[in-house]
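To start, the structure itself, in structure tokens.
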Amino acid sequence: MKLNEIYSGFKVERVEAVAELSAKAYLMHHEKSGARLLYIDADDTNKVFSIAFRTPPKDSTGVAHIMEHSVLCGSRKFPLKEPFVELVKGSLNTFLNAMTYPDKTMYPVASKNDKDFHNLMDVYLDAVFYPRVATDKEIVMQEGWHYELDHADDALTYKGVVYNEMKGVYSSSDSILETHMMAELFPDTTYGVDSGGNPDNIPELTYEGFQAFYKQYYHPSNSYIFLYGTMDIEEQLRFINEEYLQNFDAITVDSTIAVQAPFSAGKVASYPYSIGTDENETGKTMHALTYVMPEMTVADNLGFEILTHALLTSPAAPLKELLVKAGVGSDISGYYLDSLRQPIWNISVTGSEMKEQKRLQELVEAELARLVKEGIDKSLLEASLNITEFALREADFGGRPIGLAYGIRVMGQWNYDKDPIEALRYEEALAILREGLKGRYFEDLINRALLQNQHKALVSIYPEKGLQEQKEKAEQEALAAIKAKMTPAEIDAIVAQTKALKARQAAPDTEEALSTIPLLELTDLSPKVERVEREDSQLGHARLHFVPAQAKGINYTAFYFNLDCLTESELFYAGLLSDMLARVNTSERNYDAIAQDINMNLGGFSADMAALTKYNERNAYTPLFIVRAKALHAKLPELVRIISELLTASDYSDVARLTELVKETKAIWDTEAFRRGHTIVSNRVMAQVSEVGKFRDLDGLGYFEQLAALANDEKALQQLPAKLAEVATKLFRPANVDISFVGEANEFARFKELLAPALEQWQDGTYPMGQLKITKSYVNEGIVTSGKVQYVAQGGNFRDHGFTPKGAMKVLETILRYEYLWTRIRVQGGAYGAFANFYNNGNFVLCSYRDPNLTETLSVYEDLSQYLQTFEISDREMRKYIIGTMSTLDTPITPALRGPRAMSEYFGEGTPEAAERLREEVIACRQADIRELADLVGAVMKDSHISVMGNEQKIKNAGHTFSQVISLPQ
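Here's what the structure looks like:
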């Protein structure tokens, strides 16, 4: 396409090469409708489309969030209850979702299949421009909120998908802190309210207010369209114009994001938050010291990311270390957020007390002033700049489409009427920052943006027992008062409305409506899998695994140590090792120097534990301690040197440092445990029926329980150095390691040359295998929290009942997630979602998340077998579920993911042929195959293995369900 030419109504206003992406950018304007469009012509078959709108809310009713849900509930061309769900069921998408931000709403999709990509784009464009919700109030009642009353004499309650989702969000203390923080920093602008919705305010949203919001913001003149990848762009433009944009005339949309006037003095505020009646209040205070930035350039934004890493994120971070050693809190973290009209810089403290509030700001600003005066360690800054640059050049997003990340990134500029193409460039900014290392660029940035800046707030939240119960009582009393003022006719109307909404939710879409969703053919599917080559060899006692790949000159390596040489009691210390590796001194230098070395020379370093099950076996699995690292090929000598030093020379003798790390890790778990609820309860159910489930729990809640006990046991802390050293000696041996390497053949040859002498320096004692026998027993349990919603899991092992894995089980996962559980638990029950997982070893689990219910959800699980016995859908609907299932099996394998895939096949003893047999079974699955699973589900549900995390009162009311009721560790 040529500059200034018009293509299907789109005028090409800029054409520029983007060297960083090896791509060309075309910025366009649709003259009739006023829509903006950016196309990135890149050599990538994983195509991305997104349409976004600038949507700054004026209150915390969650109107923007409810809108995001609601427009996907039927449209002009696609008059179904939920076209979004039908797409998920039957699309080969590589990404399909919608996201509400504080000031924008995005609707992105991605697919590698041309026909599928077109279908996804069509459904999304119709959804945003012609949604049924514009005239259908019941959709807002379902997705937002409504009064619920089954019988006239029942208590009046609130219900709604977003309402309950946000109850879950507001069950997390860090979300509560952020809400108060933003309200203090931005009292006069959109950032001071919650675009997601505060449960206290969501019931204030009226349908008329909802309609007005849609009318104001959902017009092409307020839209930002993004296309990325290899495609016939002129055909895409023609379609977008003829089907949609030509029907609209450009208008002036007032979606301005106001700028908060700077403060003349900083603010300090404190708020209570609820904890359970059995929880300890000590160490539960959290603080956030946050600054609103002055006007920043692209280089300044990147500079602050580097400063944040250098001062707060890296193990060598001096500001973090100062605050920890001063005893301000157990865990210090921070972030820089530039996806707002006014960026913010934050320092957060957990595991603290209210008395530390004032000291926090004094210490931070004194240290920043010292750094500005004396200068920041240049090697520290350079190391943080290097690891930031590596991430930019690697551009790996964990298997998600790279174009999606770029689409989100450009909105960080475009949404504020800045240059979107500039958001994709980083070479110039990096050059400015490298030059800045020679002078005082970073010191001046701190001085200007922080020390000379009064637009800041220090906000703390402190624990208060019984606060949640008080709020629930107040809500019940308010609802009772509302009902008391209603006439009998008004009450009857709500009963009728409740009945009508439930009938609507339960009623299936007509075949005619379902047929409007475009659908691929089964012949479009291939049972073939993308093969990942692996070449196994030996280097001394160590086993090597070469995984060939071209990866932009980046090499990925992982060291897999078998944990089977440890005892059950030692497994906990292996978990501690994974959290502490590279964060303690070695015999050669201190951890600050190690952190700088890692950041200077590697693109990343991590350690964790995992369990890989053996293919087609009930109990067999390999427990692993995995050390991963990545680097540019030129840095392989440094990679080998650093890993060898960490594995063989780490010094665990500093009890004070170990104690810091234990308390920091516990503080992270304190704030993260509830958010991980669905994983925790699923693992606890699996722990009742399998060894691998027990292992995974001991790396989850079981780990947290032992961690909390250790943090409060001075004697055990004194013994920690010896325990860690003993476990490290057992684990880190050449005879106990499998090493994977991803790269090219010549790079692997160089890696072996470097590795051989290093391995000779490792100790290689002999320790018997088969020692890891987990004896801990598990029972049905309720895990009490101060949260407002539940995570409800039930499951068991189907191999115990004589069943074997089949491809139909993968199809049933899709059916349950997007039909049965979706309808019964999300749509009718008001939960945020629910899912089912069948595993090859026979484990099977059902789980809900952010669920207002408990016993009602267990009843849904109990009814599942009966649902399957009478399962009957059209062949077209069955085809849809098959296609959707294949989509979940077709995650693109990036170079970073090739190593894990190859090693999963190695340890699990699975083969590509087995994977292809599974895919063949999925494609061949029919309705009768699903019905045959009814007996399996019924047998497992009768075993009644249950775990629930959630609201204290809900769990106590369901006490008969549980053998024990416990609280989260203190």
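Going by our numbering, the sequence shown opens with residue 10, and the numbers climb by one from there.
We put the beta carbon where it would ideally sit given N, CA and C, even for glycine.
Values in this document were obtained by computation on a predicted structure and should not be read as measured data.
Around the C-beta of R45, 16 or more other C-beta atoms lie within 10 Å, and the residue is accordingly described as buried. By the criterion of at least three beta-carbon pairs nearer than 8 Å, the segment 787 to 804 is in contact with the segment 687 to 704. A check of alpha carbon separations from D588 across L580, N564, T674, F555 identifies T674 as the nearest. Annotated three-state conformation of P88 is coil, per DSSP.
Contact annotation: L586 and L459 have beta-carbon atoms that are not nearer than 8 Å. Here the alpha carbon of T291 sits roughly 37 Å from the alpha carbon of M108.
With contacts defined as CB atoms closer than 8 Å, L710 and S659 fail to qualify as a contacting pair. Cβ atoms of G169 and G959 stay farther apart than 8 Å, at about 18 Å. In the DSSP assignment, G947 falls within the alpha helix (DSSP H) that extends over 943 to 952. Per DSSP, reduced to three states, the secondary structure at M887 is helical.
About 7 Å separates the Cβ atoms of S653 and Q770, confirming a contact at the 8 Å cut-off. H160: not part of any beta strand (DSSP E); DSSP gives it neither H nor E. Distance from the Cα of L12 is smallest, within the candidate group F19, F760, V24, for V24. With fewer than 16 neighbouring CB atoms inside 10 Å of its own CB, K785 falls in the exposed class. Between K623 and Y630, the C-beta gap is smaller than 8 Å, which places the two residues in contact.
Measuring C-alpha to C-alpha distances from G445 to each of E391, E484, S956 identifies E391 as the nearest.
Excluding its 5 nearest sequence neighbours in each direction, L667 has C-beta neighbours in its own chain below 6 Å: L729, listed in chain order. DSSP places E544 within a strand segment (E or B) once states are collapsed to three. Per the C-alpha coordinates, the member of L89, S59, E95 positioned closest to T894 is E95. A check of alpha carbon separations from A221 across A665, S264, F87 identifies S264 as the nearest. The count of Cβ pairs closer than 8 Å, one atom from the segment 206 to 222 and one from the segment 155 to 172, reaches three, so the stretches are in contact. By the C-beta criterion, the segment 188 to 202 is judged to be in contact with the segment 289 to 304, since at least 3 inter-stretch pairs fall below 8 Å. In this structure T507 is in contact with D159, their Cβ atoms being roughly 6 Å apart against a cut-off of 8 Å. The segment 462 to 472 and the segment 360 to 368 touch, with no fewer than 3 CB-CB distances between them shorter than 8 Å. Assignment of S615 by DSSP, reduced to helix, strand and coil, places it in the strand class. DSSP lists no bridge partner for Y110. When rounded, the separation of the alpha-carbon atoms in H127 and T239 is 13 Å. Under the three-state reduction of DSSP, S79 is assigned to helix. The beta carbons of A560 and L768 sit about 24 Å from each other, so the pair does not count as a contact at 8 Å. Two segments are said to touch when three or more pairs of C-beta atoms, one from each, lie closer than 8 Å; by this definition the segment 378 to 398 does not touch the segment 77 to 92. C574 places its beta carbon less than 8 Å from that of N745. In terms of Cα proximity to T813, the closest of I792, Q715, R627 is R627. The criterion of a C-beta distance shorter than 8 Å is not satisfied by K121 and L529. Runs of the alpha helix (DSSP H) spanning 4 or more residues and lying entirely within the segment 627 to 711 occur at 645 to 658, 664 to 681, 686 to 696, 700 to 707, in chain order. When C-beta atoms of the segment 528 to 548 are compared with those of the segment 110 to 117, fewer than three pairs fall below 8 Å, so the two segments do not count as touching. The shortest CA-to-CA distance from V337 to any of R684, D944, T294, R835 is the one to T294.
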